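Enquirer: One structure, pasted below without further comment.
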Amino acid sequence: MKHRLTPLLAAFALVCACVPAAAWSSPLTLEAAIDLALRANPTLRAAGSEVAAQEGALTQAGTLPNPELELLREGEGSGNRTTTATLNIPIELGGKRSARVDAARQERQLATIALETERDKVRADTAAAFHDVVAAQERERMAQELVALAGRALGAAGKRVEAGTLSPVEETRARVAQGSARIEALQAGRDLEGARIRLAALWAGDARQLTIVAPQAAALPLAPPLDKLLAQLDQAPAMRHARTEVGHREALARLERARRTPDVNVIVGAQREGPDTRNRAVLGLSVPLPLFNRNDGAVLDALRRVDKARSEADAAGARLRAELAQAHARLTAALAECALIADEVLPGAEDAQRAANRGFELGKFGLIDVLDAQRVLAQSKNQYLNAVAESHRAAADIARLLGHAAVQENP
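First residue of the sequence shown: 6, per the numbering used here; consecutive thereafter.
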């Protein structure tokens, strides 16, 4: 009995642990966000309830059929009245009970794997959403900085126009540049709010109360060799689920085969004729005759579903290999983009921005040159943030496929 109670208690503990949190500690770190999502995600709670429900189904599958008590009275008068009381005891043959238990055990295993898969998905989705919020916060901050720079540039242009050292056209250009910067700041704020909503939705929280702790530097995930990741694919949740589904279908086929063997009913009872007659023992046996229904159709249906499950397992393996290769390609491409931007693009954009500011102070460059240099620098930083966020999304997809944190971050 212990082997049945242990999974039930574990599932019950999981369901109890997955209670929606009314509030969370603010600000949130990545680890705290993942822990909160694992405790309060509604879909995860539903999966935990399914595991607990399957425990009841397994218990029910092992129960014996109930006996039937039958009372029969013949005749109206007390002198010729016959009373018969029998107890019909059904006896299952052909291994039906063990086949039912095996099928129910496979169903419980499917529910357990589904729960593990959902936990891995929630963990990966939270990590990806958290890094999206970090990147969106940085974009919003840079957009606000551009608005401030454009405002100072517009003020400086106005003073130089009044002094007669700058064309009014330049002031108009500076005003247009400030308007564009404000629009981009509004868009960045909208994107940040959307990222916060997606993150808080993982635990059914309120995004308005969400504040996260952004890391000091954007940590990049590692990219293990593809062959190493493919070697782990056999233990991925989707592959385990597919193999368990094959075992479940095979168990159902064995159950249908067992149902071809008729059950028997043992009849035990007593019969009395009249008030003065002694009781007579009644003993009988009831056996169905499998003349028309031998459950052949159900057996054929179950066998073909076994074939279907095996084909689906093969298809799942091919699909997962393709998805893993695509996610790995996205990860390596994003990391290469991060390296290129950090090593070549950003240093050049920073040098150009410093040179433009210095040249404007010396009167060699116009105001538009300064604004363009600042915008190019901001765009380069935004490209870097996009590449970092994409690398984390690809790493999260790999972790989701493999069922664990297969891709780690650089220290």
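For each residue, glycine too, the CB sits at the ideal point set by N, CA and C. Bear in mind the structure is a predicted one, so any value in this text is a computation, not a measurement.
Given 8 Å as the limit, is there contact between the stretch 307-325 and the stretch 358-367, that is, 3 or more CB pairs closer than that?
Expert: Result no; under three Cβ-Cβ pairs closer than 8 Å.
Enquirer: On the DSSP bridge assignment, give the partners of residue 276 in chain order.
Expert: Here residue 276 refers to the residue found at position 271 of the sequence shown. According to DSSP, which records beta bridges pairwise, residue 276 is partnered with 89 and 285.
Enquirer: Counting pairs of beta carbons, one from the stretch 397-411 and one from the stretch 109-126, are three or more of them closer than 8 Å?
Expert: They touch, by the three-pair rule.
Enquirer: With DSSP collapsed to three states, give me the class of residue 187.
Expert: The residue given as residue 187 occupies position 182 in the sequence shown. Residue state, collapsed to three classes: helix.
Enquirer: Taking DSSP as the reference, what is the three-state secondary structure of residue 172?
Expert: Numbered from its first residue, the sequence shown carries residue 172 at position 167. Residue state, collapsed to three classes: coil.
Enquirer: Work out the CA separation of residue 227 and residue 336 for me, nearest whole Å.
Expert: Reading the sequence shown from its first residue, position 331 is the one you call residue 336. Reading the sequence shown from its first residue, position 222 is the one you call residue 227. Cα-Cα distance, rounded: 9 Å.
Enquirer: Measuring CA to CA, which of 176, 148 and 185 is closest to residue 164?
Expert: Working through the sequence shown from its first residue, we reach residue 164 at position 159. Per the Cα distances, 176.
Enquirer: Please report the residue range of the beta strand (DSSP E) in which residue 213 lies.
Expert: Position 208 of the sequence shown holds residue 213. That residue, residue 213, is in no beta strand (DSSP E); it is neither H nor E in DSSP.
Enquirer: What residues in its chain sit with their C-beta under 8 Å from that of residue 121, if we drop five residues either side in the sequence?
Expert: What you label residue 121 is simply residue 116 of the sequence shown in a count that begins at 1. Around residue 121: 242 and 408.
Enquirer: Within this structure, are the beta carbons of residue 291 and residue 269 separated by less than 8 Å?
Expert: For this step, residue 291 is matched to residue 286 along the sequence shown. For this step, residue 269 is matched to residue 264 along the sequence shown. Closer than 8 Å, so yes.
Enquirer: Using only CA atoms, which one of 282, 304, 315 and 116 lies nearest to residue 86?
Expert: On the sequence shown, position 81 is the one that residue 86 refers to. Here the closest residue by C-alpha is 282.
Enquirer: Roughly how many whole angstroms lie between the Cα atoms of residue 45 and residue 211?
Expert: The sequence position of residue 45 within the sequence shown is 40, counting from 1. The sequence position of residue 211 within the sequence shown is 206, counting from 1. In a straight line, the C-alpha of residue 45 is about 13 Å away from that of residue 211.
Enquirer: Could you pull the DSSP bridge partners for residue 94 from this structure?
Expert: Walking along the sequence shown from the start, residue 94 turns up at place 89. In DSSP, residue 94 forms a bridge with 271.
Enquirer: To the nearest angstrom, how far is the alpha carbon of residue 101 from that of residue 260?
Expert: Here the question's residue 101 lines up with position 96 in the sequence shown. Here the question's residue 260 lines up with position 255 in the sequence shown. C-alpha separation (whole angstroms): 6 Å.
Enquirer: Where do the N-terminal and C-terminal ends of the alpha helix (DSSP H) with residue 74 fall, by residue?
Expert: As a position in the sequence shown, residue 74 is number 69, starting the count at 1. Run containing residue 74: none in the alpha helix (DSSP H); it sits in the beta strand (DSSP E), 73-79.
Enquirer: On a CA-only basis, which of 94, 90, 51 and 117 is nearest residue 60? Give me that one, please.
Expert: Stepping through the sequence shown from its first residue, residue 60 is reached at position 55. With distances taken between Cα atoms, residue 60 lies closest to 117.
Enquirer: Following the continuous alpha helix (DSSP H) through residue 240, name the residue where it begins and the one where it ends.
Expert: Here the question's residue 240 lines up with position 235 in the sequence shown. Careful: residue 240 lies outside any alpha helix (DSSP H) and carries neither H nor E.
Enquirer: In whole angstroms, what separates the C-alpha of residue 343 from that of residue 237?
Expert: On the sequence shown, position 338 is the one that residue 343 refers to. On the sequence shown, position 232 is the one that residue 237 refers to. Each residue's Cα considered, the two are about 27 Å apart.
Enquirer: What does residue 291 pair with, by DSSP beta-bridge criteria?
Expert: Here residue 291 refers to the residue found at position 286 of the sequence shown. Its beta-bridge partners are 270.
Enquirer: Check each candidate in 137, 224, 244 and 81 and name the one with the smallest Cα separation from residue 317.
Expert: The residue given as residue 317 occupies position 312 in the sequence shown. Among 137, 224, 244 and 81, the Cα nearest to that of residue 317 belongs to 244.
Enquirer: Pull up the CB-CB distance for residue 148 and residue 200, whole angstroms please, since I reckon it's below 8 Å.
Expert: Along the sequence shown, one-based indexing puts residue 148 at 143. Along the sequence shown, one-based indexing puts residue 200 at 195. The pair is not a contact, with the Cβ atoms about 14 Å apart (cut-off 8 Å).
Enquirer: Counting only the same chain and skipping the five closest in sequence on each side, list residues whose C-beta sits under 6 Å from that of residue 240.
Expert: Working through the sequence shown from its first residue, we reach residue 240 at position 235. Counting only Cβ-Cβ distances below 6 Å, and skipping sequence neighbours, we find nothing.
Enquirer: Evaluate contact between the stretch 349-359 and the stretch 380-388, counting only Cβ atoms and requiring at least three cross-stretch pairs below 8 Å.
Expert: Cβ pair count under 8 Å is three or more, so yes.
Enquirer: Decide if residue 204 is buried, meaning its Cβ has at least 16 other Cβ atoms within 10 Å, or exposed.
Expert: Within the sequence shown, numbered from 1, the residue matching residue 204 stands at position 199. Residue 204 should be labelled buried.
Enquirer: With a threshold of 16 other CB atoms inside 10 Å of the CB of residue 188, please say whether the residue is buried or exposed.
Expert: As a working note, residue 188 is residue 183 in the sequence shown. Result: exposed.
Enquirer: What did DSSP end up calling residue 225 once you bin it into helix, strand or coil?
Expert: Within the sequence shown, residue 225 is the residue found at index 220, counting from 1. Three-state DSSP puts residue 225 in coil, outside helix and strand.
Enquirer: Sorted by chain position, which residues of the same chain lie with C-beta nearer than 6 Å to residue 34's C-beta, five sequence neighbours on each side aside?
Expert: For the purposes of this step, residue 34 is taken as the residue at position 29 of the sequence shown. Only 218 meet the Cβ criterion.
Enquirer: Quick check: what's the CA-CA separation for residue 151 versus residue 157?
Expert: To locate residue 151, count along the sequence shown from 1; it is residue 146. To locate residue 157, count along the sequence shown from 1; it is residue 152. Computed Cα separation, rounded: 10 Å.
Enquirer: Output the boundary residues of the alpha helix (DSSP H) element that contains residue 369.
Expert: Reading the sequence shown from its first residue, position 364 is the one you call residue 369. That residue, residue 369, is in no alpha helix (DSSP H); it is neither H nor E in DSSP.
Enquirer: Taking the alpha carbon of residue 112 as the point to measure from, which residue in 174, 249, 378 and 301 has its own alpha carbon closest?
Expert: Here residue 112 refers to the residue found at position 107 of the sequence shown. If we check each option's Cα against that of residue 112, 249 comes out closest.
Enquirer: Which one of 215, 373 and 202 has the shortest CA to CA distance from residue 37?
Expert: The count along the sequence shown starts at 1 and reaches residue 37 at position 32. Selected option, being the one with the closest Cα: 215.
Enquirer: Below 8 Å on the Cβ atoms is my contact criterion, and I expect residue 326 with residue 235 to pass it. Report the Cβ-Cβ distance as a whole number of Å.
Expert: Counted from its first residue, the sequence shown places residue 326 at position 321. Counted from its first residue, the sequence shown places residue 235 at position 230. Contact flag correct, Cβ pair sits at about 7 Å.
Enquirer: May I ask you to report which of helix, strand or coil DSSP gives residue 69?
Expert: Looking up residue 69 in the sequence shown gives position 64. Of the three classes helix, strand and coil, the one that applies to residue 69 here is coil, per DSSP.
Enquirer: Relative to the C-alpha of residue 39, which residue among 286, 115 and 206 is closest?
Expert: Position 34 of the sequence shown, counting from 1, holds the residue named residue 39. Nearest C-alpha to residue 39: 206.
Enquirer: Is the beta carbon of residue 399 closer than 8 Å to that of residue 339?
Expert: Working through the sequence shown from its first residue, we reach residue 339 at position 334. Working through the sequence shown from its first residue, we reach residue 399 at position 394. Yes.
Enquirer: What are the partner residues of residue 33, as DSSP defines its beta bridges?
Expert: The residue labelled residue 33 in the question sits at position 28 within the sequence shown. BP columns for residue 33 point to 217.
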